[in-house]
Each structure stands twice: as C-alpha cells, then as structure tokens.
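Residue numbers (the numbering used here): 788 to 1091. C-beta atoms are modelled at their ideal positions from N, C-alpha and C, and glycine is treated no differently.
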Ligand code: DON
C-alpha cells in the first residue's frame, strides 16, 4: 500500500478513538483545545512527506520537547549529561515525586519531568538562552521560522507550577540543580510550551531517523551513538509508565506529550508525528497511539 492510502486508512480507522479520553486540564490553557482534532505526518529520509487531517495545526508539544532539550544538551555537553540523570525507565507517572528521595535527587531518566528539569539546568549552565538556541535549531530543522513559545501556555504552567517546583526544590536540596529554581522552571515551561504542527515535528525528528544528521540540516548535530542513546531512551522511557505497552503495541522509539502529540522514529527510514489531544490515563494520546499501532501493523515496519 502506498503511504497516502495508508494514511487515509489509518485516519478512518482511528475515528472511533478521536476525542475519547481526556484533554489535559491540569494546565488550564490546554483544557481549551478541542478534543476532536487528529493529525498525522510522515517525513521520509529521502525528502518525501505525507500528511493527513490537522497535520498543519500547531499544538503545544509539551513533553515531546524533552527530546529536543536532551538533544541540545548532548550536543553541548556530550556524555557529561549522564552524571546527573539516569537512563532507566521509571515505571512511575511523569510528574511523580516518590522515586527522587530514594535515589538522592538523581532522576531516573531525562524524559520524566524531574529528568527534563535537570537537563534544563544543565542547559542554563552552558547557554545564555537555551530557549533561543532550541528555537533556532527547530526552525532550521523544519524550515519553519514561525515556531515559537506559546506564552499563554507557558504562563499557565507557571501559575500551576507547584508540583514541578516541588521536584526542582527537592533536587536542589540534593545538589542536583545549580541555577535558581525559578529560572529552571521558567525555561522548562518555555520548552514545553513550544507550538509545532505534526508536519514540523516529523521534520525535526529526522535528526533521530538519520542517526544524528538530519538530511534537512547542513551540520551533524549528534554523533551516531548519541542518536542511538536518544532513540533507546524514547523506546524505554518515552511514554512513562506506559512505555512497555507502547513498545509492545507500536514497536518504535516514541515520545509523547500531554498536548496530545507523539513523535515516533523509524531509524534510516522516517519520522512520524501524530496529534490528537484526548489522553488515556497515563497521559498519552489515545487516538495517537492507535494510529501508530496501526501504522506499524499495516506496514510490518518497526524496530523489531
Ligand atoms: O510539566 C508538565 O507537567 C508538562 N509541561 C509536561 C508534561 C507532559 O507532557 C507529560 N506527558 N505526557
């Protein structure tokens, strides 16, 4: 089956799941997003691109940004990053506090909130403005100069920051946060509040399909082994306490966000982005996971 027909088939098959689940409302600015959206984009290493549905509508990428923050930190700091954050699945919710105390303020991995807060702190230690650097890379990788931080979402996250603030204060008490807690939180919320479409996300993901060198960018951004590390962490930790189920059903490295987006990578071949705002109980897009499962089942392509 050709990709356009495949996307049509997936689009129709997932309709019963679109709007099922719950749009994230613990960040009030996200609660207003209509639940019935669905978009999907495939971006191939050879330059072909296929989209369906609301694939050109920007949405809040939320935790998908954790991939890009990690990529930037690896680019700037190399393996030093791993001195302050682990590489193991947490088996806990993305904003869980419980493990941190047992593990002396070292988060399990960079894709839970605590881990991304440490990565943000690393970035603040080596860049004057990590958000500007992140936006610059994303704009180049997507050829979309319009990619920006949605300030309404960032402010909404700031106003409801108690849980992330608790995580950051605790890690600071363990010596694992070096900048001020407020600066770390502000910058982390800016990254979560970046607005991108499925088309943008899939384009940006080509860096990881291309083993650290996006065919859309002039320079290599990660070494081949760093790209392998990021893909491995997406597979094992990218969907939090649902990572096992995601690997079982989809069989690809993937990273979700509570905005309803998921970025999935097929090394050597393509990057896939899906978006549908209604989430399952673990915070992953219900229709998005369905669509990815159908994609790998119908094509027979996965990393396994
Ligand atoms: O910090 C938060 O809670 C949100 N800005 C991001 C959480 C998120 O996307 C987790 N994803 N499933």
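- Message: Closest to residue 1051 by C-alpha separation, out of 1013, 1020, 1041, would be which residue?
- Response: The count along the chain shown starts at 1 and reaches residue 1051 at position 264. In this structure, 1041 is the residue among 1013, 1020, 1041 with its C-alpha nearest to the C-alpha of residue 1051.
- Are the beta-carbon atoms of residue 978 and residue 929 separated by less than 8 angstroms? As a first step, residue 978 is located in the chain shown; it is residue number 191 there, counting from the start. As a first step, residue 929 is located in the chain shown; it is residue number 142 there, counting from the start. When the beta-carbon positions are compared, residue 978 and residue 929 stay at least 8 angstroms from each other.
- From 971, 836, 797, 826, pick the residue whose C-alpha is nearest to that of residue 916; which is it? In the chain shown, counting from the first residue as 1, residue 916 sits at position 129. The alpha carbon of residue 916 has as its nearest neighbour, out of 971, 836, 797, 826, the alpha carbon of 971.
- Task: Check residue 961 in the structure and name its three-state DSSP category.
- Result: Position 174 of the chain shown holds residue 961. It is coil, neither helix nor strand.
- Query: What residue from 901, 943, 957 has the CA that sits closest to residue 814's CA?
  - Reply: The residue given as residue 814 occupies position 27 in the chain shown. Closest by alpha carbon: 943.
- Task: Could you spell out the range, first to last residue, of the alpha helix (DSSP H) harbouring residue 830?
- Result: Here residue 830 corresponds to residue number 43 of the chain shown, with the count starting at 1. No alpha helix (DSSP H) contains residue 830, which is instead part of the beta strand (DSSP E) from 826-831.
- Item | Continuous alpha helix (DSSP H) stretch holding residue 1073: start and end | Within the chain shown, numbered from 1, the residue matching residue 1073 stands at position 286. If you look at residue 1073, you'll find it in the alpha helix (DSSP H) that goes 1073-1086.
- Could you say which of 1062, 1048, 1039 lies nearest to residue 1087 if we only look at CA atoms? Against the chain shown, residue 1087 aligns to sequence position 300. That would be 1039, whose Cα lies nearest to the Cα of residue 1087.
- Which word fits residue 788, buried or exposed, when buried means at least 16 other C-beta atoms lie within 10 angstroms of its C-beta? Numbered from its first residue, the chain shown carries residue 788 at position 1. With fewer than 16 other Cβ atoms within 10 Å, it is exposed.
- Query: If you measure from the CB of residue 849, is any heavy atom of the ligand DON nearer than 7 angstroms?
  - Reply: Taking the first residue of the chain shown as position 1, residue 849 is located at position 62. Under cutoff, so the answer is yes.
- Query: Nearest to residue 869 by CA position, among 902, 838, 1010, is which residue?
  - Reply: Position 82 of the chain shown, counted from the first residue, corresponds to residue 869. When only C-alpha atoms are compared, the closest one is 902.
- With a 10 Å radius around its C-beta and 16 neighbouring C-beta atoms as the bar for buried, classify residue 835 as buried or exposed. On the chain shown, residue 835 is found 48 positions in, with the first residue counted as 1. Using a 10 angstroms sphere on the CB of residue 835, the tally of other CB atoms stays under 16, which defines it as exposed.
- Query: Can you name the residues that DSSP bridges to residue 836?
  - Reply: Position 49 of the chain shown, counted from the start, is the residue given in the question as residue 836. According to DSSP, residue 836 bridges with 830.
- Message: Considering only the alpha carbon of each residue, which of 894, 866, 990 lies closest to residue 1027?
- Response: Counted from its first residue, the chain shown places residue 1027 at position 240. Residue 894 is the option with its Cα nearest to residue 1027.
- Item | contact_flag[the region 973-988, the region 1048-1066] where n(CB pairs < 8 angstroms) is 3 or more | With a cut-off of 8 angstroms on Cβ pairs, the region 973-988 is in contact with the region 1048-1066, counting three or more such pairs.
- Examine the ligand DON and report whether any of its heavy atoms sits within less than 7 angstroms of the Cβ of residue 979. The sequence position of residue 979 within the chain shown is 192, counting from 1. In terms of side-chain proximity, the C-beta atom of residue 979 is found nearer than 7 angstroms to a non-hydrogen atom of the ligand DON.
- Thinking residue 824 and residue 1064 are a contact (beta carbons under 8 angstroms), I'd like their distance in whole angstroms, please. Counting from one through the chain shown, the residue named residue 824 turns up at place 37. Counting from one through the chain shown, the residue named residue 1064 turns up at place 277. About 6 angstroms separates the Cβ atoms of residue 824 and residue 1064, confirming a contact at the 8 angstroms cut-off.
- Identify the residues that DSSP records as bridge partners of residue 1041: which are they? Start at 1 with the first residue of the chain shown, and residue 1041 comes out as number 254. Partner(s): 1051.
- Alpha carbon of residue 841 to alpha carbon of residue 859, nearest angstrom: Position 54 of the chain shown, counted from the start, is the residue given in the question as residue 841. Position 72 of the chain shown, counted from the start, is the residue given in the question as residue 859. Taking the CA atoms as reference points, residue 841 sits about 28 angstroms from residue 859.
- Message: Mapping the DSSP letters down to three states, classify residue 1058 as helix, strand or coil.
- Response: Walking along the chain shown from the start, residue 1058 turns up at place 271. Residue 1058 carries a strand assignment under DSSP once its states are collapsed to helix, strand and coil.
- Item | Per DSSP, cross-strand counterpart(s) of residue 936 | By 1-based counting over the chain shown, the position of residue 936 is 149. Beta-bridge annotation (DSSP): residue 936 is paired with 981.
- Expressed to the nearest angstrom, what Euclidean distance is found between the alpha-carbon atoms of residue 881 and residue 991? To locate residue 881, count along the chain shown from 1; it is residue 94. To locate residue 991, count along the chain shown from 1; it is residue 204. Rounded to whole angstroms, the gap between the alpha carbons of residue 881 and residue 991 is 23 angstroms.
- Item | Residues near residue 1018 in its chain [Cβ-Cβ closer than 6 angstroms; skip 5 each side] | Within the chain shown, the letter at position 231 stands for residue 1018. Apart from sequence neighbours up to five positions away, the residues of its chain that approach residue 1018 with a beta-carbon distance below 6 angstroms are 995, 1040, 1052, ordered along the chain.
- Between residue 856 and residue 1036, what straight-line distance do the alpha-carbon atoms span, to the nearest angstrom? The residue you call residue 856 lines up with position 69 of the chain shown. The residue you call residue 1036 lines up with position 249 of the chain shown. Annotation: residue 856 to residue 1036 spans about 27 angstroms, alpha carbon to alpha carbon.
- Query: Taking 7 angstroms as the line, does the beta carbon of residue 896 fall inside it for any heavy atom of the ligand DON?
  - Reply: Your numbering for residue 896 matches position 109 in the chain shown. With a cutoff of 7 angstroms, residue 896 does not count as near the ligand DON, since its C-beta is closer than that to no heavy atom of the ligand.
- residue 936 beta carbon less than 8 angstroms from that of residue 1005: Looking up residue 1005 in the chain shown gives position 218. Looking up residue 936 in the chain shown gives position 149. Not closer than 8 angstroms, so no.
- Message: Any beta carbon of chain B sitting closer than 8 angstroms to that of residue 873?
- Response: The structure shown contains no chain B, having only a single protein chain.
- Query: Within the present structure, is the beta-carbon of residue 879 separated from the nearest heavy atom of the ligand DON by less than 7 angstroms?
  - Reply: Locating residue 879 in the chain shown gives position 92, where the first residue counts as 1. In terms of side-chain proximity, the C-beta atom of residue 879 is found no nearer than 7 angstroms to any non-hydrogen atom of the ligand DON.
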